[in-house]
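Numbering (UniProt numbering), first residue to last: 7 to 476.
Structure record follows, encoded as structure tokens.
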Amino acid sequence: ADTPQRFPDNFVFGGATAAYQVEGACQTHGKGKVAWDDYLAQQGRFSPEPACDFYNRYDSDLELCERFGMNGIRVSIAWSRIFPNGGVGEPNPEGIAFYHNLFASCRARGVEPYVTLHHFDSPAALYANGDFLNRDTIDAFEAYARFCFDEYPEVTRWFTFNEIAAATLNRYVEGTWPQGKKGCLHECLQAQHNMMLAHARAVLAYKQGGYPGTIGVIHALEYKYPYDPACPGDVQAAKNDDVLQNRLLLDATFRGDYAPDTLQIIDHLCQASNGSVEFLDDDLSIMRRAAQLNDCLGINYYQSRFLKAFDGETDLHHNGTGDKGTGRWRVAGVGERAVRPGVPTTDWDWIIYPKGLFDLMMDISLCYPNYKQLFITENGMGRKDQLVDGTVDDSERIAYVEDHLRWILKAIECGVDVGGYFMWSLQDQFSWTNGYNKRYGFFYVDFETQQRTPKASAYWFKRVAQTKRL
Ligand code: BG6
């Protein structure tokens, strides 16, 4: 009852996409390979081709956005569609033209594009050479970012990276991504820092270039609660996991440096994996300058975590099939992610805890008062949606989104500046580690015929977007 009734007039309501998860045309039209192409082919479990065939169907998908009241969309540019080998050599004219056409369609439909430069899809050659652990990739990323800023003046809403935490944790700690390893905490943290340096260099390039739009980064944040707040081991585990996923990245974003307690935990985590992280003074001075220039932060929020102390062998099992209760995350020297009794989970064991989003937004506004504006750039529920008699009843998803939007309204009332909400995902898409049986969209996709069917959530969201009320 104490939350405001309405979202601000200029609040953005939209759906999110990512190039590799929607476009298809992965190795045609001049696009260079990414590491996922060969990895998925070797695994033979599912193919990113043609995904939702967005490469050919973007205009009809944008027409759906317009029809369902959305005034924004998240898209990403596939780096290897522009520079097939990653920042070296000639750009690919077909790829360049594709994004001009996509952005023109956004304009024509009144749907503002929020554009990410990197969504898990480093060009294959760079990825194989160490990706962001190799400093050449930082240079290449800056060159690619500068190219896009010049080439696409029609874009005024930029994000550099999507989910540095997911990219690094999945590759260096959980081992679920191409060339993945388990438990390499120091490499995970070094890659996070290097990607934040690449972000900072892109922000400085954007600001020095005098471009008129906004720029920020998107982090996958989860509030980390001790399972038992009275148990010191659990409290420490929550702090460890917070640094590993949130704190290093938030400090890097808004301070361009690391707070003493963050550094202390980084040391502790590095000891656990017998390594170290290098922070060069010159890099930190670049990051400190950029930290004052971010126009916004994107938050991808799906769940929070309850941490227990854990000293045993690292034991990780990714639930990639939607078999409830099969996921495990126990990392030596960090902690164990557990579920508190009574807290609901999805079929993929993702904890449903909308208040965690509020706690995060409040935490950011208090710890980093130089933040300017937040966007919820992803939030949503993966389900095994069924198309029955031409409709999809996804009332569970509606409840999930409604609860999160209610906590966003509360944060706005507490003075947090929140500019918009993008549900993950616009339409059902290809999922990196789950394939096609984990559906997130407003629009059901028949992956045989590519037909789209609006789910119940699409009609519900249309009313919310149009009235700005829940
Ligand atoms: C985010 C990513 O991590 O979560 C998306 O930005 C991803 O690319 C989404 O698809 C959902 O994750 P998953 O594993 O359920 O597809």
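Here a beta-carbon is modelled for each residue, glycine too, at the ideal position from N, C-alpha and C.
Treat the numbers as computed from the prediction; the structure is a model and nothing was measured.
Taking C-beta atoms as the reference points, I358 and F312 fail to come closer than 9 Å. G341 is bridged by DSSP to V337.
Burial state of S401 is exposed, judged by a 10 Å Cβ sphere holding fewer than 16 other Cβ atoms. Counting of Cβ neighbours within 10 angstroms places T166 among the buried residues, the total reaching 16 or more. Each residue's CA atom was taken as its position, placing T351 and P97 some 45 Å apart.
Cβ-Cβ separation between L256 and I370: approximately 7 Å, consistent with a contact (criterion under 8 Å).
Here V209 carries a helix assignment [DSSP, helix/strand/coil]. The residues N376, in chain order, have a CB closer than 7 Å to that of Q298 in the same chain once the five nearest residues on each side in sequence are set aside. Judged by the Cβ position, N443 fails to qualify as a neighbour of ligand 1 at the 8 Å threshold, every heavy atom of the ligand being at least this far.
Judged by DSSP secondary structure, V81 falls within the beta strand (DSSP E) whose first and last residues are G78 to S82.
CA-to-CA, the gap between A244 and M201 works out to about 24 Å. Inclusion of V424 and F381 in the CB contact set at 9 Å is warranted, their separation being smaller than that value. Counting C-beta atoms within 10 angstroms of its own C-beta, N385 has 16 or more neighbours from the protein chains shown and is therefore classed as buried. Linking S128 to D137 through their CA atoms gives a straight-line distance of about 7 Å. Boundaries around P266 are those of the alpha helix (DSSP H), P266 to A278, since no beta strand (DSSP E) includes it. About 4 Å separates the CB atoms of F364 and W413; that is less than 8 Å, so the two are in contact. The beta-carbon distance between D234 and D240, rounded to whole angstroms, is 5 Å. This is short enough to meet the 8 Å contact definition.
Between Q379 and L290, the gap from beta carbon to beta carbon reaches 9 Å or more. C420 counts as exposed, since fewer than 16 other beta carbons sit within 10 angstroms of its beta carbon.
For I404, there is no enclosing beta strand (DSSP E); the enclosing alpha helix (DSSP H) has its first and last residue at S401 to E419. The closest heavy atom of ligand 1 lies 8 Å or more from the beta carbon of F165. Under the DSSP assignment, Y120 falls in the beta strand (DSSP E) whose first and last residues are E118 to H124.
Taken through DSSP and simplified to helix, strand or coil, V249 comes out as helix. Separation of the CB atoms of Q242 and L175 is rounded to 19 Å, and the pair is thereby denied contact status at 8 Å.
Under the DSSP definition of a beta bridge, R152 lacks any partner. The Cβ atoms of Y150 and G101 lie no closer than 9 Å to each other.
With a threshold of 8 Å, the Cβ atom of A84 does not count as near ligand 1, since no heavy atom of the ligand is closer than that.
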